[in-house]
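Only one structure is covered here, and it is reproduced in the block below.
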Amino acid sequence: MAIQAVRGTRDILPDEVGAWQRIEAAARDLFARYGYREVRTPVFEETELFARGIGAETDIVSKEMYTFADRDGGSLTLRPEATAGIVRAVIEHNLLNTDPALKVFAMGPMFRRERPQKGRYRQFHQVDVEAFGFTSPTVDAETIELALAYLDACGVRQHELVLNSVGDRHCRPAYVERLRQALRDVAPSMCADCQRRADTNPLRVLDCKVEADQATIDTLPRITDHLCEGCATHFAEVRRQLDLLGVPYRLSHRLVRGLDYYVRTTFEVTSDLLGAQSSVLGGGRYDGLVKDLGGPDAAGIGFAVGMERLALLLPPREVEPRCDVFLMPLAAAALDRALRLQRELRGAGLAAMLDPEGRSFKSRMKQADKLGARFVAILGDDEMARGVYTVRDMARSEQQDVPEEKILDHLKEKANG
Ligand code: ATP
Ligand code: MG
33 MAIQAVRGTR
43 DILPDEVGAW
53 QRIEAAARDL
63 FARYGYREVR
73 TPVFEETELF
83 ARGIGAETDI
93 VSKEMYTFAD
103 RDGGSLTLRP
113 EATAGIVRAV
123 IEHNLLNTDP
133 ALKVFAMGPM
143 FRRERPQKGR
153 YRQFHQVDVE
163 AFGFTSPTVD
173 AETIELALAY
183 LDACGVRQHE
193 LVLNSVGDRH
203 CRPAYVERLR
213 QALRDVAPSM
223 CADCQRRADT
233 NPLRVLDCKV
243 EADQATIDTL
253 PRITDHLCEG
263 CATHFAEVRR
273 QLDLLGVPYR
283 LSHRLVRGLD
293 YYVRTTFEVT
303 SDLLGAQSSV
313 LGGGRYDGLV
323 KDLGGPDAAG
333 IGFAVGMERL
343 ALLLPPREVE
353 PRCDVFLMPL
363 AAAALDRALR
373 LQRELRGAGL
383 AAMLDPEGRS
393 FKSRMKQADK
403 LGARFVAILG
413 DDEMARGVYT
423 VRDMARSEQQ
433 DVPEEKILDH
443 LKEKANG
């Protein structure tokens, strides 16, 4: 039996790849306008980086990582997200020494052992944006505006931005304690996950999607009522600037996000077109992370877009033509001339193709159609005798004879014109 792709992985086939190239190109183009440069880090890292950088209690670290023993006994993990590896690289190469306000982006595969379903895979891809060294709420607003501008650049319109502040080391511990207290009374009536989280990670209770728990969750204390003055002021300014820029958002005190490192601003963009896996991108501020991982005390903020989900949201596009000139040497002696012309056309920057298998005229015309060929150049016995090519303009369904010595210039002009 033929071997199949591993469960939860998928192939991006040639018909789909155009959409991926467009979202990658849109990222490179747009992010550059905001001062971001690309960084590429390895897909595997020391396991400890993620344990420390994401948090041992998170779903990702506790049950989703692909961890394996290296042959020399070390423990390695396929990256489940990009931020920890980027922070590691920033520290390792002292990037903040030369550029204390560092803006980088990355794209590539991530790995999480989750239950595969539509929009959820075990190997998936993210576009990731990170800004280091900025504490100002202006950068929170800019980052959020950039996330939306990116969706916009990709042609994605139907979505909602959800915004929250999760406080910082000054105010969150007291809030979490308050939450834990409140949960002591109500958790026993909640779902099994919530009962467990009530003690280990009370914030995650706010993330619960179980219908029966929703009414209870509504009664729990809200972080936004317990922010310290610094966090409250910061959050108010983020909202004011988003209003100023005309960026619409919905506040949700329940948006705590899955990673332990977030402080202050957290945000997410969802789309109801995606069904159950509605989150397209998520992000937030992580001011303590660089220091926690052994670097300088530098602030950080960023977001990650799920590329599979983004690709699902792209507006449909007509198949792009991938052939300028399809050559049709019909006479046996025509092949050599066609091969030379094909090479010259390619050298002149045109996409030129021919079918060397000697299939019938009809089947070759079908191929030309499938490739979206703009021109077909036919060289049969009759054309050979007259020293011409019959050039067919496919869009116009027009045909004309072109003398062989003019064929290259003619096709170049037509194809570029
Ligand atoms: P979800 O709630 O859907 O599990 P998440 O909070 O785990 O998402 P993040 O860690 O914030 O997601 O990652 C950012 C984005 O990466 C998500 O918004 C989503 O678009 C995408 N993403 C996360 N996990 C997967 C996955 N297993 N398959 C495909 N895309 C994913
Ligand atoms: Mg998840």
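The numbering of the sequence shown is the numbering used here, which starts it at 33 and goes up by one. Glycine residues also receive a C-beta, built at the ideal position from the N, C-alpha and C atoms.
Counting only residues of its own chain and dropping the five nearest sequence neighbours on each side, residue 187 has a CB closer than 7 Å to the CB of 346 and 347.
Bounds of any beta strand (DSSP E) do not take in residue 80; it lies within the alpha helix (DSSP H) bounded by 79-86. Between the region 85-105 and the region 129-136 there are fewer than three inter-stretch CB-CB distances shorter than 8 Å, so the stretches are not counted as touching. Taking a 10 Å sphere around the C-beta of residue 391, we find fewer than 16 other C-beta atoms and assign the residue as exposed.
Separation of the CB atoms of residue 403 and residue 385 is rounded to 7 Å, and the pair is thereby assigned contact status at 8 Å. Going by beta carbons, residue 287 and residue 194 fall inside the 7 Å limit. If you draw a straight line from the Cα of residue 38 to the Cα of residue 342, it comes to about 22 Å.
Sequence-distant partners of residue 66 (beyond 5 residues in either direction) whose C-beta falls short of 8 Å from its own C-beta, in its chain, are 135, 174 and 178. Taking each of 34, 160 and 87 in turn and checking the Cα distance to residue 63, the smallest one comes out for 160.
The alpha-carbon of residue 335 is positioned some 53 Å away from that of residue 393.
The shortest CA-to-CA distance from residue 192 to any of 318, 282 and 59 is the one to 282. Under the three-state reduction of DSSP output, residue 288 falls in the coil class, being neither helix nor strand. Residue 396 and residue 350 have their C-alpha atoms roughly 22 Å apart. Taking the CA atoms as reference points, residue 366 sits about 7 Å from residue 416. Relative to the ligand ATP, the beta carbon of residue 190 is positioned no closer than 6 Å to any heavy atom. The DSSP-derived three-state label of residue 157 is strand. Rounded to the nearest angstrom, the gap between the Cα atoms of residue 401 and residue 362 is 17 Å. By the neighbour-count criterion, in which 16 or more other beta carbons inside 10 Å mark a residue as buried, residue 233 falls on the buried side.
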